[in-house]
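The next block holds one structure in the form of structure tokens; read it before the comments.
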Amino acid sequence: MLVCYEMLERYSTPDMRRLWSEAERYRTWLEVELAATAAWEDLGEVPAGTAAALRRAAEANPLDDAFAERVATIEAETRHDIVAFTRALSERLGDGARYVHYGLTSTDVVDTAQNIVLTKALSTILEATSEVKHKLRALAQRYRHLPCIGRTHGIHAEPMTFGLKFLNFAAAFERDEARLERAKEAVSVVMLSGSVGTYAHVPPAVEIAVAEALGLTPDPITNQTVARDRHAEVMAALAILGTSIERVAIEIRHLQRTEVREAQEGFTVGQTGSSSMPHKKNPIASENLTGVARIMRSNLQAALENVALWHERDISHSAAERVILPDTTTLAVYALRRLSGVLDGLVVYEERMAENLDALNGLVYSQRVLHLLIEAGMSREAAYGVVQRASLRCWESGEHLQALLAAEPDMPLSAAELSKAFSPDWYLRFVDDIFARNGL
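If you read the sequence shown in the working numbering, its first letter stands for residue 46, the second for the next number, and so on.
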């Protein structure tokens with residue numbers, strides 16, 4: 046299929062390839078043109094029935110890949126895409142096509158049609174985002190009370206539950222949904238204001254009628270382009286979505302490390318992890334998603350550069366948008382669907398989590414001991430000194446922190462009182478409250 050961008054097949058999806066194809070691009074241009082022609086009919090400037098006749102002709106002879114090839118041939122001579130399009134349209138649809146593009150300038154059609162495609166792309170992305178969010182919430186619920194060690198700076202910190210990780214990720218995707226909805230609204234605008242945006246050749250009534258026909262909103266003020274801060278908002282929302290995807294991917298990658306091995310990507314029958322080491326199981330999907338997220342973020346820079354154009358119009362943004370808009374929206378769909386598959390096949394090692402929870406011989410309970418000593422009457426400084434001194438010996442000797450603390454000469458806690466500090470239950474007593482705050 047002839048396409049208008051260079052997205053690698055490896056990271057593409059059939060629905061997004063169709064959406065960003067040249068043929069679909071010209072079909073969308075035609076939708077804008079026919080809506081404008083119908084509006085001109087209502088104003089009495091174009092013979093009644095012209096738009097309907099053109100639509101019937103297009104249905105009988107659709108704008109397909111062959112039409113796109115014809116436009117490319119004409120554009121090689123004209124060096125102007127809309128001129129090539131309208132000439133090819135006259136060849137395809139006949140005499141009535143002379144009313145197409147009446148009063149309009151190129152960007153009226155190009156920008157409006159691109160916004161339509163972007164709106165459709167964002168709808169697909171929103172569906173995929175919602176699916177990932179719901180799978181994360183399901184995993185959060187499944188592992189709601191499964192104790193595991195929480196880590197800060199990559200080091201064991203204190204007990205938490207495995208479900209809290211997924212609940213945190215799900216909340217980020219919920220915010221992504223809100224950002225994407227706002228970005229979709231920002232770009233769901235029609236511009237048919239003519240040369241330099243004065244409506245001199247096309248009255249506002251045409252723009253209003255076209256917006257209503259297409260289910261979009263008239264842009265309140267334009268020059269000869271739709272302002273690119275709208276598109277930058279889309280790209281920013283997609284860049285942040287990429288970071289949310291990467292957060293999950295990096296967590297899985299860390300948890301799959303041999304020294305941790307609390308969770309891993311699924312490993313299918315017949316899959317191989319290395320050409321040289323038969324034992325390998327690698328987090329290849331999560332690593333791939335990390336790389337994809339980098340591209341999604343980097344494309345935002347070009348979108349930001351596109352906002353400042355010369356005077357009422359230039360086309361410096363066009364070349365970048367032909368790459369960054371289809372590529373980033375397509376990557377978003379690809380990445381979300383791949384992440385969804387990773388979540389479906391995630392393998393969780395609960396026994397290993399239990400082992401890791403006590404891998405430091407009780408060190409992760411140091412803060413609870415500190416508070417109990419303060420409650421028993423010790424100053425914070427004295428209590429901290431006792432716990433830190435025992436903790437350092439624990440690091441060096443491998444003895445359990447509880448035993449080392451029990452041997453401290455100034456320990457005010459009984460063995461039974463000290464024992465209460467070394468249980469994850471106390472740390473997890475508000476887990477249900479956190480879930481309730483998040484609707485679970």
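Don't be surprised by glycine CBs; every beta carbon is placed ideally from N, CA and C. In this text, all values refer to a predicted model and were calculated from it rather than measured experimentally.
Euclidean distance between Cα positions of residue i and residue j
| i | j | result |
| --- | --- | --- |
| Glu222 | Leu171 | 6 Å |
| Thr95 | Ala81 | 11 Å |
| Ala404 | Ser468 | 14 Å |
| Glu226 | Ile285 | 13 Å |
| Trp85 | Val77 | 12 Å |
| Ala279 | Arg367 | Note that residue 279 corresponds to Val in the displayed sequence, not to Ala. About 15 Å. |
| Leu181 | Phe480 | 13 Å |
| Val48 | Ser151 | Because the pLDDT of Val48 is 42, which lies under 50, any placement of that residue in the model is unreliable, and the number read from its coordinates should be weighed accordingly. Roughly 20 Å between the two C-alpha positions. |
| Arg124 | Phe130 | 11 Å |
| Asp60 | Pro371 | 12 Å |
| Tyr144 | Thr58 | 37 Å |
| Val255 | Leu334 | 40 Å |
| Ala121 | Tyr56 | 30 Å |
| Ala175 | Arg220 | This sequence places Ser at residue 175; Ala is not what is there. About 11 Å. |
| Arg72 | Ile161 | 11 Å |
| Lys325 | Ser66 | 39 Å |
| Val271 | Arg302 | 48 Å |
| Gly311 | Ala102 | 52 Å |
| Val241 | Val155 | 15 Å |
| Asp477 | Glu104 | 57 Å |
| Ser343 | Gly336 | 11 Å |
| Ala111 | His146 | 22 Å |
| Gly443 | Thr374 | 52 Å |
| Met46 | Asp470 | With a pLDDT of only 37 at Met46, under the threshold of 50, the placement of this residue in the model should not be trusted; the figure read from the coordinates follows. Each residue's alpha carbon lies about 59 Å from the other. |
| Arg100 | Lys178 | 41 Å |
| Gly89 | Leu79 | 15 Å |
| Met423 | Asp455 | 10 Å |
Range of the contiguous alpha helix (DSSP H) that encloses residue i
| i | result |
| --- | --- |
| Arg100 | 95-105 |
| Val476 | 476-482 |
| Phe502 | Residue 502 lies beyond the stretch modelled for the chain, which goes from 46 to 485, so this question has no answer here. |
| Gln433 | 425-442 |
| Thr267 | Counting along the chain, Thr267 falls outside any alpha helix (DSSP H), and DSSP gives it neither H nor E. |
| Asn406 | Where Asn406 is concerned, there is no enclosing alpha helix (DSSP H), given that its DSSP letter is neither H nor E. |
| Arg62 | 59-64 |
| Asp153 | 151-187 |
| Val116 | 110-123 |
| Ser459 | Here Ser459 belongs to no alpha helix (DSSP H), and DSSP marks it neither H nor E. |
| Thr243 | Element bounds for Thr243: n/a, residue is neither H nor E. |
| Glu78 | 67-87 |
| Asp126 | 126-138 |
| His416 | 411-420 |
| Leu450 | 446-451 |
Residues that DSSP places opposite residue i in a beta bridge
| i | result |
| --- | --- |
| Ile194 | Pro204 |
| Val234 | Thr262 |
| Val387 | Looking at the DSSP assignment, Val387 forms no beta bridge with any residue, so it has no partner. |
| Val393 | Ala308 |
Beta-carbon proximity of residue i to residue j, cut-off 7 Å
| i | j | result |
| --- | --- | --- |
| Val387 | Gln309 | no |
| Ala428 | Leu418 | yes |
| Leu237 | Ala377 | no |
| Gly315 | Asn327 | no |
| Asn268 | Glu350 | no |
| Leu402 | Pro263 | no |
| Ala281 | Leu345 | yes |
| Leu408 | Leu458 | no |
| Lys165 | Leu64 | yes |
| Thr157 | Val232 | no |
| Arg425 | Ala466 | no |
| Arg187 | Arg306 | no |
| Glu203 | Tyr394 | no |
| Phe169 | His190 | In the sequence on display, residue 169 carries Thr and not Phe. Cβ atoms of Thr169 and His190: not closer than 7 Å. |
| Ala185 | Gly208 | yes |
| Ala142 | Leu149 | no |
| Met341 | Gly287 | yes |
| Leu212 | Asn406 | no |
| Arg132 | Ile119 | yes |
| Ala338 | Glu291 | yes |
| Ala347 | Ala364 | no |
| Ala435 | Leu415 | no |
| Ala330 | Arg383 | yes |
| Val352 | Ala250 | no |
| Ala486 | Ala113 | Since the first residue of the chain shown is 46 and the last is 485, residue 486 is not available in this structure. |
| Ser411 | Val432 | yes |
| Val91 | Phe214 | no |
Give, in chain order, every unbroken run of the alpha helix (DSSP H) that is at least 4 residues long and sits entirely within the stretch 287-362.
329-350
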